[in-house]
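The structure under discussion appears below in the form of structure tokens.
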Amino acid sequence: MELVEETPYRFRIDRRDPMRVPGVVFAARPLLPDLGEDRSLDQVANVATLPGIVDAAYAMPDIHWGYGFPIGGVAATDTAAGGVVSPGGVGFDISCGVRLLAADLDRAEFPRLCGALMDGLDAAIPRGMGRGAVWQLADRAELDAVLRGGSRYAVERGHGVVRDLDRCEDGGAVDDADPTQVSERAVQRGRGQVGSLGSGNHFLEVQAVSEVYDEPVATAFGLRAGQVCLMVHSGSRGLGHQICTDHVRAMEHAMPRYGITVPDRQLACAPVDSAPGRAYLGAMAAAANYARANRQLLAEAARRVFTRVAGCRLDLVYDVSHNLAKIEDHPLDGVDRRLCVHRKGATRAFPPGHPDLPDDLRPVGQPVLIPGSMGTASYVLTGVPGAPAFASTCHGAGRTRSRRQATTTVRGQDLRRDLAARGIAVRGASWRGLAEEMPGAYKDVAAVVDVAEAAGLGRRVARLVPLGVVKG
DNA sequence: ATGTTC
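Take any residue in the first sequence, count from 1 to its spot, add 574: that is its number in our numbering.
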């Protein structure tokens, strides 16, 4: 794979047939994928062949190998020019994302509360493969209400406060969810999982603000140095996974009907303006709402623990997805075009002044939540004006070694002990799951965020360090 | 990521 270094933070993959646009990789040399075992740069070139793709196939500094599309990938297609939507451009965990809450509690108070707080969260947060959930839905009709209403419905049912919705992407729910495009199997898998963390890299973490880079913006976000925070990273569980599986299969069969060929069958896609395209987008929107309700319920469960143990509030800073396709207007050659923007392992980062931001955030831009790997820092960024890649940035550290490799390197028990020695309390669900998330299997999130800022994708606002980790 | 290979 030939990479042309345009700047120290931006590399180009020149267009060659059948690519329709070039590839652009935001990275520094040390962050580029290891070509021996990671085919993600080939995946960038593959994505660049998709019908209707505009501008470039983008990759963020946390890029790594994914299903069809790279994780850390952004691709936009022109909906008026046969542009496609591809489930592989969203990923299996539809609307996986991050929610950050700020406590009215100083980190100096944490040591005396740590044991009770972490034990309380350990008991209150369902997690791991399958397992239980916070919210027992009455019936299919109530699940449909979640699929249509997301966090808005959760708050209507008493799981949260109205102010939460102001601090959620899309006010807590996307429109155009179509539960009729969600299969019975997806419904069955999702029915008992609203308010559950899942496994893998999902987590709930008690953190402290360790550094503020931009005080006015941090203040507008509701963050100050030394403050205790809570970060939730979870998605749409088995429901989103099943929806992805179902619609990839449907699109594989439908592609010949639209004369579409792709270099990798994992890039199965259909025009946005087609029956299978609309069907996927309707089901995807339903999964997006499910994921938001899931994070809303998890945050509520954590709030109850914080209230009981510490007598403190948790105010929502923001909730944003990093696995989603959205129909957005962006200027191309000076003209606004309606695009289907796929972000897979990439976080939307609206700049100051964006009309979709709530009034109190519009002057400062959207909070962009970047979780680090276990035991390392996380970052809060804000969007910047005129950014490339359709107002998107990285979503985390990015894996460098497989789960399997990680488990042969370290034991979960040792990892937990090492973290405890560094003052980080861990409440896991399985030793294996813990080992798979060893920080050494990830890039350095600080380096990833440095590149994101240097490449003009976003601007650092605050750094958060872990105090306690609840792992799936 | 995932009832971790329908």
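Glycine residues also receive a C-beta, built at the ideal position from the N, C-alpha and C atoms.
Please state whether DSSP places Pro937 in a helix, a strand or coil. Taken through DSSP and simplified to helix, strand or coil, Pro937 comes out as coil.
Cα separation between Ser952 and Asp903? So the two alpha carbons sit approximately 30 Å from each other.
Excluding the 5 residues preceding and the 5 following Leu691 in the sequence, name in chain order all residues of the same chain whose CB lies nearer than 6 Å to its CB. Contacts found: Val883.
Mapping DSSP to helix, strand and coil, what is Val768? In the structure shown, the three-state DSSP call for Val768 is coil.
Below 8 Å on the Cβ atoms is my guess for Ala923 versus Ala861; work out the distance and round it to an integer in Å. The beta-carbon separation of Ala923 and Ala861, rounded to 22 Å, does not stay under the 8 Å limit for a contact.
Take Asp847 as the anchor and find which of Gly856, Arg839 and Gln840 has the nearest alpha-carbon. Looking at the Cα atoms, Gly856 is the closest of the given residues.
Hey, how far is the Cα of Val648 from the Cα of Gly949? Near 27 Å, if we compare the C-alpha coordinates of Gly949 and Val648.
Residues bridged to Leu671 (per DSSP): Residue identity check: residue 671 is Gly in the sequence provided, not Leu. The partner list for Gly671 (beta bridge, DSSP) reads Ser808 and Ser895.
Measure the C-alpha to C-alpha separation of Pro926 and Arg985 and round it to an integer number of angstroms. Spanning the two alpha carbons is a distance of roughly 45 Å.
Element boundaries [alpha helix (DSSP H), containing Gly647]: Where Gly647 is concerned, there is no enclosing alpha helix (DSSP H), although the beta strand (DSSP E) around it starts and stops at Ile645 to Asp652.
Can you round the beta-carbon distance between Arg887 and Asp740 to whole angstroms, since I take them to be within the 8 Å contact cut? Not quite, the Cβ-Cβ distance comes to about 16 Å (not below 8 Å), so this is no contact.
Quick check: what's the CA-CA separation for Ala1028 versus Ala602? Their backbone Cα atoms lie some 10 Å apart in a straight line.
Alpha-carbon to alpha-carbon, Thr835 and Ala676: Near 48 Å, if we compare the C-alpha coordinates of Thr835 and Ala676.
Do Ala707 and Gly766 come within 7 Å of each other at the CB atom, strictly closer than that value? Going by C-beta atoms, Gly766 is nearer than 7 Å to Ala707.
Within 10 angstroms of its Cβ, does Leu841 collect 16 or more other Cβ (buried), or is it exposed? Per the 10 Å Cβ criterion, buried.
Where does Val708 sit, in a helix, a strand or coil, going by DSSP? Coil.
Between the stretch 593–607 and the stretch 617–633, are three or more C-beta pairs nearer than 8 Å? The stretch 593–607, when compared against the stretch 617–633, does touch it at the 8 Å Cβ threshold.
Is DSSP giving Phe777 helix, strand or coil here? In the structure shown, the three-state DSSP call for Phe777 is strand.
Is there at least one non-hydrogen atom of the ligand GDP closer than 6 Å to the beta-carbon of Gly939? As far as ligands go, the structure on display features none, and thus does not contain the ligand GDP.
If you reduce the DSSP assignment to three classes, tell me which class Thr967 lands in. Strand, per DSSP.
Relative to the C-alpha of His807, which candidate in Met703, Pro753 and Ser770 has its C-alpha closest? With distances taken between Cα atoms, His807 lies closest to Ser770.
Output the boundary residues of the alpha helix (DSSP H) element that contains Ala690. Segment Phe684 to Ala698, the alpha helix (DSSP H) holding Ala690.
Please determine, among Thr974, Leu804, Arg839 and Thr981, the residue with the shortest C-alpha to C-alpha distance to Arg673. Of the listed residues, the one whose Cα sits closest to Arg673 is Leu804.
Where does Arg1034 sit, in a helix, a strand or coil, going by DSSP? In the structure shown, Arg1034 sits in a strand (DSSP, three-state: E or B).
Of all the options Leu813, Val802 and Ala654, which has the alpha carbon lying nearest to the alpha carbon of Asp910? The residue with the shortest Cα to Cα distance from Asp910 is Ala654.
What distance in whole Å lies between the Cβ atoms of Ile817 and Ile645, which are believed to be in contact at a cut-off of 8 Å? The Cβ separation is near 18 Å, so there is no contact.
Val735 - containing beta strand (DSSP E), residue span: Counting along the chain, no beta strand (DSSP E) covers Val735, and no H or E run does either.
Could you tell me whether the Cβ atoms of Arg975 and Ala1009 are closer together than 7 Å? It is not a contact, given that the beta carbons lie outside the stated cut-off.
Can you give the Cα-Cα distance for Val1039 and Asp693, rounded to whole angstroms? Rounded to whole angstroms, the separation of the alpha carbons of Asp693 and Val1039 is 20 Å.
In this structure, how does DSSP classify Thr956 when only helix, strand and coil are distinguished? In the structure shown, Thr956 sits in a strand (DSSP, three-state: E or B).
For His827, count neighbouring C-beta atoms within 10 Å of its own C-beta (all shown protein chains included) and say buried if the count is 16 or more, exposed if not. Answer is exposed; the Cβ neighbour count stays below 16.
Of all the options Ala999, Asp616, Met634 and Leu721, which has the alpha carbon lying nearest to the alpha carbon of Ala965? Answer by Cα proximity: Met634.
Simplified DSSP state of Pro604, which is helix, strand or coil: Helix.
Between the Cα of Gly772 and those of Gly746, Pro959 and His815, spot the shortest distance and give me the residue it belongs to. Here the closest residue by C-alpha is His815.
Taking Cβ to Cβ, would you say Ala751 is nearer than 7 Å to Arg714? Here Ala751 is not near Arg714, since their CB atoms are 7 Å or more apart.
Going by the CB atoms, is the gap between Ala622 and Ala792 shorter than 7 Å? Going by C-beta atoms, Ala792 is not nearer than 7 Å to Ala622.
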